[in-house]
Every structure is written in C-alpha cells, then in structure tokens.
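Here's the structure we're looking at; comments come further down.
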Amino acid sequence: MKDWTPQHYRRSKGASNVPNAVMNAAIATSERTVAINSSLPPILTLNHLAHMTQVPYKHLRDYVTRDVESYKIFRVRKRARPGRPTSFRVICVPPPSLAVAQQWIVQHVLAKARPHTASTAFAPKCKLIEAAAPHCSSRWLIKVDVQRFFESISEIDCYRVFRSLGYQPLVSLELSRLCTRVGHFSRMRRAIKWRRKAPLAKSKILKYASRALGHLPQGAATSPMLANLVMREADALLTSLADRFGLTYTRYADDLTLSTADTAFDRESARNAVNEVYGILRRFGLTPNLAKTNIVSPRSRKIVLGLQVGQDVPRLTRAFKMKMRMHLYYLEREDVGPLAHAERRGFSAVAGMRNHLMGLAAYAIQIEPEYGMGVKTRLEAVQWPILY
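Numbering of the sequence shown is given in the UniProt record's numbering, commencing with residue 1 and proceeding in unit increments.
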C-alpha cells in the first residue's frame with residue numbers, strides 16, 4: 001500500500017458526489033493519522049475498513065458489537081514439568097473473515113508502528129539469536145516471566161495504542177474490539193479491571209455497550225504486535241530501572257531478561273531489581289509468575305530463550321544436540337528407521353515427525369549454521385517411506 005495523499009481522495013471515483021464539507025473532514029481526519037506515521041493508512045469508519053479489507057461490513061459490525069462468541073476455543077497441553085501439575089494453554093482461533101481483517105491490521109497498521117527497542121519478538125526481521133545476544137558473557141542473569149501475558153492486556157490498552165497512532169476514538173474502539181475477545185467470566189475476569197465502570201445507558205452507541213472488557217486472545221494474528229505496542233511505556237520504565245542497576249534489559253513476549261557483567265553486582269542487588277520489576281509489571285496490570293523467576297549467579301549455567309549465553313555468542317544447548325543425536329541415531333538404524341521411531345516417540349504420523357525435525361534443523365542453522373546444515377543433510381539422507 002502506497003503512502004496516503006489528499007489527492008487520493010479528491011481524484012477517486014465518485015469523489016465529485018461527496019459534499020465538500022464531508023471531503024474536507026475526511027482529509028483532515030486522515031492527515032492526523034499520517035502526521036504521526038506517513039506509512040499508516042487512514043481509517044475513517046468501520047465501513048471504510050470493510051472496503052479496504054474486503055470483509056463484509058455486517059461481519060465486522062457483528063464482531064465489534066460482540067453479539068456472539070466468534071472464536072473457536074481449544075486447549076493445548078503445556079510441556080510437562082517434574083513435580084508440577086498438568087497445565088494447558090488456551091488457543092482462540094478467529095473465524096475466517098475476522099482472521100482476514102486481523103491480518104490486514106497486522107500488515108498495514110501494526111507492522112508500521114515501532115515497539116520499544118527492548119522488545120525483541122514479533123517484529124519484522126526479529127531473530128531469536130539477536131534477542132539472546134545482548135546477554136552473552138554476563139555474570140548475573142535475572143529472568144522474569146509474565147503470567148497470562150496476552151490475557152492481561154485489555155481492550156482499553158489496545159484502544160490507547162490505536163489512539164496513539166492517530167486514529168479517531170470511534171475507529172480506535174472498533175479496531176480494539178476486532179483484536180480482542182471477552183472470554184469466560186473466570187476468577188481473573190471478575191476483577192474490577194475487567195468490568196465497565198460507567199452505566200451502559202451512557203454509551204453513545206448502545207449496540208457497542210458491554211459490561212465486560214475484552215482481552216487479547218492467544219491465537220489472533222494481531223495479539224503479538226499489539227502486546228508489544230501496549231508494553232512500550234512499561235519497557236521504557238524497565239529499561240530505566242535496568243540502567244540504574246547497571247543491567248541490560250530485553251523482553252521477548254512474556255519473558256523478561258536482565259543481565260550484567262559487573263563484578264560489583266550481587267544477589268542482594270538482584271533481589272532489589274526483581275522487586276522493582278514486579279512493581280512496574282503490577283502497575284500495568286501484569287502479574288509476574290513467581291514460580292518462574294530465576295536469579296542465575298556467576299558460576300551457574302546461563303540459558304536465555306533456550307540458548308546458552310555463557311560465551312561470546314549464543315550457542316545451542318547440549319540437551320538440544322543430544323536430542324537431535326538421538327533422533328538421527330534411530331532414524332539411520334536399519335532395524336529401527338522412521339516408521340518404528342515415529343511410533344516409539346509418540347508421533348501420529350511419520351510426516352509430522354519429519355516436519356518437526358526439519359523445523360529443528362532450520363532453527364539450528366540460525367544459531368550454529370555448520371552444525372545445523374550437517375543435521376539437515378543427514379535428515380534428508382534418511383530413507384523416508386514414499387508415503388510418509
């Protein structure tokens with residue numbers, strides 16, 4: 001999409017039938033958006049958005065009014081951890097027309113906005129290795145996890161993001177509704193943060209009135225980038241905190257990492273930093289996952305986002321390489337091979353196992369190219385069944 005210009009409206013088909021007052025108002029509204037970022041597309045109304053996304057207006061209107069639960073919900077079992085109960089991740093899949101609208105919002109709006117520099121995920125050209133690199137050769141490492149990250153970000157937070165990009169209040173509300181869902185009335189949702197404070201009768205558009213506030217759904221294309229933009233102020237405060245403690249701060253989605261090579265830094269300093277991090281997170285309505293907070297001392301092994309950072313550059317972990325070695329060993333054995341190995345490892349199909357291992361090889365190539373290419377070459381040489 002080309003950058004917007006007033007001539008685009010004045011010369012468009014049917015412009016001569018539009019009253020001057022309406023045309024001038026549309027141009028003035030559009031100019032407020034492009035004044036903030038010339039790459040952003042003006043969105044004047046929900047009907048205008050329907051035209052640009054090629055999604056029927058009635059569909060968008062139904063999603064904005066929240067008349068029905070539009071998402072398909074299912075649970076995915078999280079990786080088992082010794083001594084901990086089984087937990088699940090709730091995935092929300094939007095219907096096709098909403099998914100199209102969300103993809104358009106991602107491509108034409110959210111991808112044009114800039115998150116804080118400390119945010120290292122869900123942005124164009126972001127790489128995992130670059131997210132871990134700032135913490136290489138550190139002596140102390142602090143890792144903090146945010147509980148229910150997406151679900152903690154409300155439609156009000158999203159509304160403020162769209163307003164900051166220059167969109168008008170009504171359009172910002174409609175965009176935030178398209179990117180959020182109300183969800184179930186759980187214990188978390190009973191908190192006052194998730195309840196409308198003003199009487200419904202005061203709503204200017206009664207059809208849009210809702211007693212409950214929506215949150216970012218895990219599974220929507222818009223959630224990752226919107227979460228990053230919502231976190232800009234929090235990231236700025238956490239960066240300032242890190243500077244005061246002589247730490248380097250980065251955030252990869254809900255994983256916060258702080259590190260330092262300073263020999264004067266000690267465990268007491270780490271505890272104080274963690275407490276201040278907790279305070280900032282709570283200020284923004286986020287809950288730290290206390291069970292996952294980890295202070296890693298100088299002599300301990302340091303892992304960031306699944307990569308070793310105890311040296312000058314991020315490296316694959318020993319556990320990862322042993323796992324790949326095991327898979328290759330059994331795949332290359334004539335008395336085992338792909339079929340038997342897939343069954344023993346719990347894969348429902350050989351194709352699924354092959355795709356999984358090829359994905360791991362591609363991941364390894366990003367981190368350690370020579371090793372990763374060696375793994376990929378061996379996987380390609382395996383005698384896979386013709387119909388796998």
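Glycine included, each C-beta is placed from N, C-alpha and C at the ideal position.
All values reported here derive from a predicted model rather than from experimental measurement.
Check	Outcome
Helix, strand or coil, according to DSSP, for K72 in the structure here?	strand
Is there contact between the segment 114–126 and the segment 266–282, where contact requires at least three CB pairs shorter than 8 Å?	no
At the level of alpha carbons, what is the spacing between D262 and G246?	8 Å
To the nearest angstrom, how far is the alpha carbon of S39 from that of V296?	43 Å
Along the chain, where does the beta strand (DSSP E) that runs through Q147 open and close?	W140 to Q147
Using a Cβ-Cβ cut-off of 8 Å (strictly less than) and excluding sequence neighbours within five positions of S152, which residues of its own chain qualify?	V146, H215, G285, L286 and T287
Along the chain, where does the beta strand (DSSP E) containing I91 start, and where does it finish?	F88 to V93
Looking only at its own chain, which residues have a Cβ that is under 6 Å from the Cβ of V309, when we skip the five neighbours before and after it?	A132, H135, C136 and K302
Thinking just about the alpha-carbon of each residue, which of L290, R354, S223 and R318 is nearest to the one in V144?	L290
Can you tell me where the alpha helix (DSSP H) with A328 in it begins and where it stops?	The identity of residue 328 in the sequence shown is Leu, whereas the question assumes Ala. Taken as a continuous stretch (DSSP letters only), the alpha helix (DSSP H) holding L328 covers R318 to E332.
K321: which of R77, L110, A364 and V109 sits nearest, CA to CA?	A364
Relative to the C-alpha of A236, which residue among A118, E380, G346 and D67 is closest?	A118
What are the start and end residues of the alpha helix (DSSP H) that includes I27?	N20 to I36
Thinking F150 and P217 are a contact (beta carbons under 8 Å), I'd like their distance in whole angstroms, please.	7 Å
Quick one, are the C-beta atoms of R181 and C92 less than 8 Å apart?	yes
Taking the C-alpha atoms as reference points, what is the distance between L238 and L165?	23 Å
Check L46 in the structure and name its three-state DSSP category.	helix
According to the neighbour-count rule (16 or more other Cβ atoms, all chains shown, within 10 Å of its Cβ), is H51 buried or exposed?	exposed
Does D235 come out as helix, strand or coil in the three-state DSSP assignment?	helix
Would you tell me roughly how many angstroms separate the C-alpha atoms of A227 and P298, rounded to the nearest one?	32 Å
Could you check whether R251 and A225 sit closer than 8 Å to each other, using their CB atoms as the reference points?	Position check: residue 225 holds Met in this sequence, whereas Ala was assumed. The answer is no: Cβ separation not under 8 Å.
Determine the closest residue to A351 out of L360, P385, Q366 and P56, with distance taken between C-alpha atoms.	P385
Is L46 near the ligand FAD, going by C-beta to nearest heavy atom under 7 Å?	Because no ligand of any kind appears in the structure shown, any question about the ligand FAD cannot be addressed here.
Quick check: the Cα distance between R139 and Y63, rounded to an integer number of angstroms?	50 Å
What's the gap between the Cα of L241 and the Cα of P19?	53 Å
Which residue from L328, V336 and A21 puts its Cα closest to that of A361?	L328
Could you check where the beta strand (DSSP E) with T248 kicks off and where it finishes?	T248 to Y252
Note down the Cα distance separating V382 from S348, rounded to an integer number of angstroms.	19 Å
Do you know how far the Cα of N294 is from the Cα of M326?	30 Å
Confirm, please, whether the CB-CB distance from T222 to I105 is below 8 Å.	yes
Quick check: what's the CA-CA separation for H341 versus G374?	20 Å
Thinking C-beta only, is L305 closer than 8 Å to L316?	no
Using the three-state DSSP reduction, which class does R77 fall into: helix, strand or coil?	strand
Given a threshold of 16 other Cβ atoms within 10 Å of its Cβ, counted over all protein chains shown, does L98 qualify as buried or as exposed?	buried
Quick check on A364: does DSSP put it in helix, strand or coil?	helix
What is the DSSP secondary structure of I303, counted as helix, strand or coil?	strand
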